[in-house]
Every structure is written in structure tokens, then in C-alpha cells.
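Protein chains in written order, with our numbering: chain S, 1 to 584; chain V, 585 to 775; chain Y, 776 to 902; chain X, 903 to 1181.
Working notes for the structure below.
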């Protein structure tokens, strides 16, 4: 309490705090740091590296699908085993090792202390441990590709008995390592998530009421709470699955009264909220980026907040729509169909809020804004196609087809890739103190977005036409080898390769700008939130003077102000810097 | 290190940061234990024949273990009271007693496991034993972690440092206790 | 906190300990009567009572901000949700257009899943 | 607040015109999309989906109908939102002399702008739920009386089909067991019992809009009624291991004469009576 009252007066505490860390060994600085910004960058770099692996897998199996049984350039011939392994690991990597670390961990770590006006996470060493555990889990996952038998190839959902018995999956060590890697990763994110929640709840700057918290922080916190509430059964399930694999138990084996359907429930009880765990941070970035580049107050802070909480709650009631036809009781499907379709209500409201924010605004089409706007447009496609899958009657046809994949990627690509790019390009000046190249960024944006639509639009149609997912070669199915289907697959695969190549632009831009880019100002966008009120990049300890918050983060173009922004920590007239009354 | 962090000292939510974190840990542990107990209950209700296997558990040992954990928790609580008075060494002594209680609990548990396994009641022989070993094992890991933290905090408390942590580990320790109430009744008592 | 108050607190903790120690004995006694329904009834009551005592008097949950118990209740609610939404598929052995054959077999009988064998034959053929 | 800043009122027109224009565009979009769908449905174009993939079972048309209804409803929302979105992007682009508006009023006063679409979304959701659940009930929960019953057994990596034979009863000596080839009579209600020997599989016939997982340890029942003769793909739709992509099967929908020939043929060629011990 004592410390709290000191900080409440904005006292410049701990002078010389920054100087302590000058003479650090590079290992301590880059690998053993407790600084939330460094940990964020570690998460970011690990996530991007994993994205390269996952992306390469995507390219390989897409090529195999379009040109079956021919050697894939830069890879070779794809066997059924390696195909299964690659689709499994693509899903695992992209969700657990790219979307989660980048959106939740990297940006959560970077933004929460800066946005709530704290000097670090409340538990810096726990934070470091969280990254290290995550790193161990990534190493375990990659190691699992090279063990005898190869990596696990039973789809990222790992339905037993396939995943539980090595006589079925033929990957005795690969499947165990896969489960262990995923479970260890959950522990890492639980540690990180608790840190996020506690920091955002307890370490807010003096004066920051709960409606003054930037929505990016809110969203990451809601996502962490969801993660905390939903992951437990899957951690328990992973323990049970590892026991099944190695110790001869029969939790998921029907031979002795176990039940494979149980795993599906445990998995999707987590798996569905997980989609929203990564969606919410991305929506949070949008809520930051759209007001800044449209110079307008966010339409409906509370509407967005409550809709997100509503989405979070509702998402716990819908998981079995992934299992409509996989052996659950058909009567239960009716319940889940109803709840699933109802989730469109809060999501629609969130979209309305974003669209309404643009009304009578002044939009600058900068690169982060382009990414943010494309999120809205692309996510709409993903959102509306989800209704087809949630409606049980229609799902009978769509289940496990490429329609599902296309829908999923129209939600997940905006979330994981567009959201990450939006966040990265927006906060890059703050993170590295330099600007990204705008022109290169635009070229990269357009190529990525256009090729993305070329990848997945055709697959909606092949899905309707009966292409089932996870099938290594359609050549065995006479009905599926018609010229129109083949053409659609080829378009998609070539677009995948194009998109992959386009990412070279991003990485070139990223690394070039990190060292050679234009120097960034402290607040290049004239934004309001606290992270723009400290130097770029922020030093250890973040703020020279710990800020005090006076207002909500989205006060753009306030009529009483001459400048079109109003930083959260700027004292109101009369308390600090003075502004003549009636000057408007 | 962390002592220097201003953020750690703040309490905008109206409670100390450490305590908030402990409650967060507990809130996230509930679904983990729930995730193994809920499927167990489903299977148990669906398979009345599991009662034979449940009957093979030694309910006397289970009851004794329950008492042991409750007593251990009591010492954690008394340590808290001592810490409130600022009596570091007494708090440390009581924390150690609590930790020893946990250790004895683990030893008895190990004996119980050993007895089960030597009677060929291994996880492979029935899903009931699978659940029994997984759930008590998961709980045992929490006990083990709790003992380690108890001893570490006792070492600090002896020097009069970080006395607020005595309460924090106490909360966690009681939670582990509560989990055991459920495991005890669900596995041992209800047949 | 004054020393006297702390001592009072300590005495209270001992009282709670006595209650928590005797409650499991109660359920043990109920179980020893051999009446299954009584054991279930008593255990449920004992589980809830002892949890209540431990949580309120030892963990002092009522002294924390209101969101703390709510958060824990949220976790418990999620588990109830899990139980009741999964039970129709896992707890019951048959339902609308499906039947869980393997669950009907007593659990301690190892029984390969051989759907081609006529019903009932499996248990005999694989002994 | 608003009175003190008349500049907003005059420059800003307020929210009514926006609401008006958005509702106008939404209703235009609605008319176009719903009209198109209705046109297709009433002009015998219920085969909008069937043009992509044939609808060869009795309930395929019902499932296609659900898909079309949803397509109409969400298509309307999709195009309306996207239209509003791009119009707003154009209108609000940054240009000289254009000043963004500040929301002086409190959130809840503007809330009608969100709450109206909100109620509309709920109404649309209800329609979708009713239509979807109705078809689901008819396909998965109840079944018309069976003309014939078959058993489908999946395993790594192939299908075993047990036909009832000439006596039309399963588990009798004249059962016909085939591998990867399923023969069913045209225009008859076929019930199937789906089982799996090892891992999860999925019995999927896209042209029938039929899909059901095979869960080891369980018997799951379902039905279909083929309405068009021919040979079609059966796919496994649930990841079942390395050979998942290599377990194609064919379903042969046969006219009564063809089916009778098949039964006769199999009975004559069966090396073992009843095919009981083929496995």
C-alpha cells in the first residue's frame, strides 16, 4: 500500500533505475533478461521463425495437392506419412507456436506494461520463465520431427485412438513428444497469462479507471482469462493421453470402457475458446489502430468491451459444433447449433462498432491501417461462412471438407497473420525506434492480401464440391479429379507459393528497417495511449516519470482541443499545461 | 530484482499483487482438476462395476492422509498468524511443520501406490485405476511443489524477509487441501 | 494485528481444524455402514461443508475483492458446463441412433473391438 | 455539450442520415440477394449447389435448401456490411478541409445504431436455427422405415460392407461381405450401422450429403435413400493414419434388376457360404 500511495503522486521513483543495466553481458541482455520488452521480442522472433516452418509446410502440401505425386520444388516427393505429419504440424505450429506467442505473448508482454503505465510486468522473473518454458516446448516440438518414426501425423486435433496407440499412428515417440510439447506450452502460457492479468488489474497507472484501459489490454486480459478457464481440461486430457500412449491406460480406448469421444470434448472445450483467445488480441489491435488513423474516437468503447466479454462467455457453450457428426448424440447437436449461431450477435456488434468508427472520420491509409481495414473485410468472409458450419443441417455436408478449411483460414489468417502484421507495423517504431519502409510495406500488403484470397476463395468451392480435408492425394477418387476441381486446386496452390515468396519482402523490410530505417519520433502517429509517451524504443523501466492517467484512450479531435489528439496522461487544463478557455 | 519494479508494488485492484496472483493460480487450477474429475465422474456413474475396484482402495489410509493434510494446513495457518505478529522464526518453524506434513502425506501416498501396484492394480488393469493414479498423481505433484515452496518461504521467513508470502503459500496449501477433500470422497468414500 | 488478536485467531484456527478433522471421519463412518446412498449423501455434504470452512476461514476469501470468489466460481461453473454437456455422450451408453457397445462390457475384461463378431460373442472368444 | 459546439451540428448532419443510408443499402442488398435466392428456388434452381455437386439422395435437396437459406441471409449481411464499409472508406478518406466528427453524445444514445442491426441479426439467427435444426432432425435423428439394412465397418485403411443378401436380413448365412464396394438399391431407404475396428473414421458420400463418423466401440445408425443410379465416391473424412488418403471406396446405386443381378452373382461366387469367414 505504501508504494501505491507513492506512485499515486507521480513521484519520479528510483532515479538511476535505468543506469544499472548498462554494462550487461549480451547473454544477460538478450537471453536472460527480465525486461518485458526483451521477452516480447524473444516471443516475437520465436513466433516468426516458427511461422516460417509452418508456412513452408503449407507450401509443400498445397503443392502436393495441386500436382499430386510429383516432386515438390525445394522438398522432394511427399509421402502419405510426411503429408500427414506436415498438415498436423502446420496446424499445431500456426496456432500454438505462431498465433499464441505473437498475438498474445509478444504483444501482451510488450503492450500491457506500457499501456497501463507500469515499468514492467509485476513478476518479471515469472515472465522470463514463461518464455523459457515456451522455448523448451518449441524445441520439443521440432525435435519430434526427427525422432524414429517421424513427427506425429494424426491431425492437430489428435483424436484418439489414432493418437493414443502407436500401432495405429506408427509414430511412437513423435506422438508423445507432440502432446508433451503442447502441454508444456500451455503451462508457459498459463504463467504468462496470470502475469498479464495481474499486471493489467493491479499495476495500472494511478487514475486509470477500467474504462480508461486501452482495449488492446482489455482484450489480451479477457483472452488470458478465457485461456485460463478453458485449458485446464485439455491439460488433464494431455496427461491422460500421454498415459494412454506410454503407460497402457485406456482413458480414450474403447477396449476397456474408455471413450474416444471424451477426448474430443476435452479438446474442443479448449479448442473453441482458443479461437477467441487469439481473436480478441487482434480485435484489440484494431481498436487501437482504427481510431488513430481515422482520427476519431472509437465508436462505443463499452459496446465493444461488453460484446467481447459476451463473445468470450458464449464461446464456452459452443464447442461441440466441431463434433456434430463425430459421434455425439444428435440431440445435443441441436443445443450446440443454437448457441453457435447466436455467437454471431456479439461478433456482428464488434464489426458494426469498427465500421461505425470509420463514419465521418479522416482515414489515412498507412500500412498498419491497411492491415487493420483488410482485417475487417476478410474477417467478414470468415464470419459469415461460419454460420454455414454452425447450422447443424448444413454442416452435414460441409463437415471436414475444404469449406471448413477455407472458413477457418478466413478467420485465422486475419487473426494470426493480418492481426500480427497490423500490430507489428503499427508498433514497430516503438519497438525498434525506427520506421518501416512505407512503400515496401504497401507492396507486401497488396501481394499478401490478393494472394490470400486466391488461395482460399477457390477452396470454398472445392469444399462444396466434395474435397475432404487431410487427404493426401485426390488422385484416388474419380469423382474428385474433374478438370474444374483440379484448376481450382492449382490456383490455390500457386497463390500459396506467391504468398510465401512475398513474405521475403516483409522480412527484408523488417530487418533493414531495424537498423537502417528512418528514426522514429516518440509519438509518430499522434496517438493517445501511454506507450507513445515514452521514448522510442523505451528504456528499461519504460517511463522517466511514471504517468498518471486522466482520460480515456480514444479522445481524438476533441472540440476543446487545438491539436487533434489528447494523450491519456496529459493533465487537464488547470492542473498542468494551461490552455486558454474558449480558444476553440 | 523484482523488488525494484514499481509495478509489483501497485494494487489498483485493491489487493496485494502476490495474493492476486495466487488466486489466479487457484482459478486456473480449478479447471485442471475439474478436467480430470468431471470425466471420471461421468465414467464412474456410467460404470457401476467400477465399485469393485474402488473398494480395493484403503479408506483408512485415505482418512489418515486427509487428517494429515488438514493438520498440515493448520500449521500453515498458524504460521500465518505468527507472520502477522512479525515473528519470522516461529512462522518458519510452523511452515516447516506444514511442509513435513506434506512430505509424510507423500510417503504414505507412495506406500499406497506401491501396495496397489504390488497387487497388480496398475493403471493398465482398469480405467478406474488410470483415473485414480492420474488424479492422485496430479495432486501429488501439487503437494510436492507446495512442499518445495513452503520450505523456500520458511527459509526467507526465518530471516524475517517477505513475511507476506507466508499467507500466500498458505492460501495455495489450503487449496491443495480442498482438492484432496474432493479426491478423497470421490475415490475412497463413494463406492 | 495485536498479539492478543492473533492469539484469538490461532484459537479459532484450532477450532476449525477440529471440525475439518472430524468431518472426514463422519463420511468414513457413513461409508462403513455399508449403505451406499448414505455414503454419497454424507460425502457430498461433508465435501461442501469442509470446502466452505477451509475457503472462508482459512483462505479468507470473503476478505478479498468480490471478483476473486467470482473468478473461482467461474472456473467451477465451466466444469459443471463441461460435465453436463459431455455426459450425454460419455456417461450414457446409448442414445439417439447410437450405442456404445464397448462401454457395456465390464471394464476389467480386455476386449478387442471386433464389430464383425455377433453381439455377445466377443467376451467369450477372447478369454 | 452538443449545443455549445454548433459547428458539429451543422457540419455533422448527425447520425440519422448515416442510419438512413446504411438501412437503404442493407435493404437494397437484401432485396437483391434474397430475391436472387428466391428466384433460384422457385425457378427450379434449387440445384444451385447441385450444379457444383450432384444431389443424389432424398435429403440432399433439403440440406442444399438449408445452405441456400443461410447463403441468402448471410449474403445480405455480408454485402450490406461490405458495401457500407467501402462507402465509408471512400467518404472518410483524408482530404483537405475534411474534419472528422467528435462523438459528443454518450455511447448509449448512439446505441440504436448498433441495436437495430443487433435485433435484425437475432431474427436472422432464429430463422437459421429453425431451418437447420429441422433438417438435422430429419436426417440424423429420425429415419423412415428401412427397406434394407447394411453394416459398414471401417478399419485402417479400408471399408467392409455387409449386405443383407437375398433374405434382406443382416447376420444370416446369405450375407454378402464386400470390401471397398457398396451396392445399394435405387429408391429404397437404406439404413446403415456404422462401426470401426480401430480408430475414428468417417463414412462420407458427398453426393448424398451424407457424413457420419465411425467411432470404435460404438454402433452408429443412419439412413439414406439414393435417388439416382450410378457409381459414386465414398471418402473417409476423419484423419485415420497414414493411409487416410488411400481408403477410397465406391458406392453403386443400382436399379432393381442390377441389384438382383449383384445379389445372385455374389451368392454364386461366394467361396464360403455367407461370407462369414471372409474376415
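Quick reminder that beta carbons are idealized off the backbone N, C-alpha and C, glycines included.
- Taken atom to atom, the span from the alpha-carbon of residue 793 of chain Y to that of residue 823 of chain Y is near 16 Å.
- For a Cβ distance threshold of 7 Å, residue set 762 and 765 of chain V lies close to residue 826 of chain Y, ordered along the chain.
- Straight across, the Cα-Cα distance linking residue 829 of chain Y with residue 1121 of chain X is about 46 Å.
- Counting only runs of 3+ residues, no beta strand (DSSP E) is found wholly inside the segment 465 to 521 of chain S.
- Residue X:1034 holds the alpha-carbon nearest to the alpha-carbon of residue 967 of chain X among X:1164, X:1021, X:1034 and X:1148.
- Residue 41 of chain S: member of the alpha helix (DSSP H) spanning 36 to 66, first to last residue.
- DSSP places residue 676 of chain V inside the alpha helix (DSSP H), whose first and last residues are 672 to 702.
- Between the segment 81 to 89 of chain S and the segment 150 to 157 of chain S, the count of C-beta pairs closer than 8 Å reaches three or more; the two stretches touch.
- In the same chain as residue 643 of chain V, and ignoring 5 residues on each side of it, the C-beta atoms closer than 8 Å to its own belong to 772 and 773, in chain order.
- Contact with chain S is found for residue 1042 of chain X, since one of that chain's Cβ atoms lies less than 7 Å from the residue's Cβ.
- Cβ contact annotation for residue 1048 of chain X (same chain, cutoff 6 Å, sequence separation greater than five): 1091 and 1093, in chain order.
- Between residue 622 of chain V and residue 866 of chain Y, the C-beta gap is not smaller than 7 Å, which leaves the two residues out of contact.
- Cβ-Cβ distances below 7 Å link residue 535 of chain S to 522 in the same chain, with the five nearest sequence neighbours on each side left out; the list follows chain order.
- Each of V:719, V:656 and V:668 was checked against the Cα of residue 688 of chain V, and the nearest Cα belongs to V:656.
- Non-local C-beta neighbours of residue 325 of chain S in its own chain, meaning closer than 6 Å and more than five positions away in sequence, comprise 399, ordered along the chain.
- The continuous stretches of beta strand (DSSP E) do not include residue 1162 of chain X, which lies in the alpha helix (DSSP H) extending over residues 1158 to 1171.
- Between the C-alpha atoms of residue 446 of chain S and residue 863 of chain Y there is a straight-line separation of about 49 Å.
- Between residue 972 of chain X and residue 391 of chain S the beta-carbon gap is near 6 Å, inside 8 Å, which marks them as a contact.
- Contact between residue 471 of chain S and residue 1103 of chain X is ruled out by a C-beta separation of about 13 Å, above the 8 Å threshold.
- Using a C-beta cut-off of 8 Å, the segment 253 to 266 of chain S makes contact with the segment 1115 to 1133 of chain X, since at least three inter-stretch Cβ pairs fall below that distance.
- Residue 631 of chain V and residue 344 of chain S have their C-alpha atoms roughly 39 Å apart.
- Straight-line spacing of the CA atoms in residue 564 of chain S and residue 375 of chain S works out to 26 Å.
- Restricting attention to X:1143, X:955 and X:1115, the CA atom closest to the CA of residue 1095 of chain X is found in X:1115.
- Not flagged as an interface residue toward chain V: residue 246 of chain S, since no C-beta distance is shorter than 7 Å.
- Of X:951, X:1139 and X:1106, the smallest CA-CA separation from residue 159 of chain S is found for X:1139.
- Under the Cβ criterion of 7 Å, residue 607 of chain V is counted among the residues facing chain Y.
- Around residue 491 of chain S, the same chain offers 454 and 458 as residues with beta carbons nearer than 7 Å, after the five sequence neighbours per side are excluded.
- When the alpha-carbon of residue 1137 of chain X is set against those of X:1160, X:992, X:1110 and X:1157, the nearest one is in X:1110.
- Residues are counted here when their Cβ sits less than 9 Å from a Cβ of chain S; for the segment 812 to 836 of chain Y the count is zero.
- 618, 619, 620, 621, 622, 623, 626, 627, 630 and 631: these are the residues of the segment 618 to 632 of chain V whose beta carbon lies less than 9 Å from some beta carbon of chain S, given in chain order.
- Within chain Y, no residue has its CB atom less than 7 Å from the CB of residue 1060 of chain X, the nearest being about 13 Å off.
- Residue contact with chain Y for residue 328 of chain S: present (Cβ-Cβ distance below 7 Å to some residue of chain Y).
- In the displayed model, residue 1128 of chain X falls within a strand according to three-state DSSP.
- Residue nearest to residue 418 of chain S within the set S:116, S:105 and S:283 is S:283 (criterion: CA-CA distance).
- Between the segment 592 to 611 of chain V and the segment 198 to 211 of chain S, the count of Cβ pairs shorter than 8 Å is three or higher; the stretches touch.
- Per DSSP, residue 177 of chain S is one residue of the alpha helix (DSSP H) stretching across 172 to 202.
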